[in-house]
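Written out below as structure tokens is the structure these notes cover.
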């Protein structure tokens, strides 16, 4: 749940660009299917360049504010400036190595395959 003051920050960031709202013409995109094989595809949404530039600018400003005010938890790796998945993977690897040492507590894991996650989406819901 976002802090209540984040709403004010978002308005402060977006009002100079869009007067507080995004023009409808910029919100429309073209969905193009990228075929993976004969049964599966990935939908690619092509958005207006102006919208992409504006949303990227707003995103960078929001991330800067989140970093500046220490709003994101340190365990959030992916959406931070300079963040990546290398550190959490190293942490998990170290935990697995530790649990293989004699006398260490047991570690139970459940593998999760997110590679096929998009294939479970109701694609007809995406097409307007």
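In our numbering, the protein residues as written are 60 to 187. Ideal Cβ positions, reconstructed from N, Cα and C, are used throughout, including at glycine.
CB contact check: residue 140 to chain C, cutoff 8 angstroms: The structure shown contains no chain C; it holds only a single protein chain.
Within 8 angstroms, strictly: CB atoms of residue 122 and residue 138: Contact check for residue 122 against residue 138 passes: the beta carbons are separated by less than 8 angstroms.
Integer-rounded CB distance, given that residue 85 should sit under 8 angstroms from residue 107: About 5 angstroms; that satisfies the 8 angstroms criterion.
Where the beta strand (DSSP E) through residue 157 begins and ends: Residue 157 -> not in any beta strand (DSSP E); alpha helix (DSSP H) instead, spanning 145 to 158.
Residue 105 vs residue 91 beta-carbon contact at 8 angstroms: The Cβ atoms of residue 105 and residue 91 lie closer than 8 angstroms to each other.
Residue 168 versus residue 151 - alpha carbon distance: Going by the C-alpha atoms only, they are around 11 angstroms apart.
Three-state class that DSSP yields for residue 99 in the structure shown: Residue state for residue 99 is assigned as coil, using DSSP reduced to three classes.
Cβ pair residue 93, residue 103 closer than 8 angstroms: Yes. Within cutoff.
When 159, 67, 82, 149 are compared against residue 114, the one with the closest alpha-carbon: The shortest Cα separation from residue 114 among 159, 67, 82, 149 belongs to 82.
DSSP three-state assignment for residue 66, whether helix, strand or coil: Three-state DSSP puts residue 66 in a helix.
In DSSP terms, what residue 90 is bridged to: Answer is 104, bridged to residue 90.
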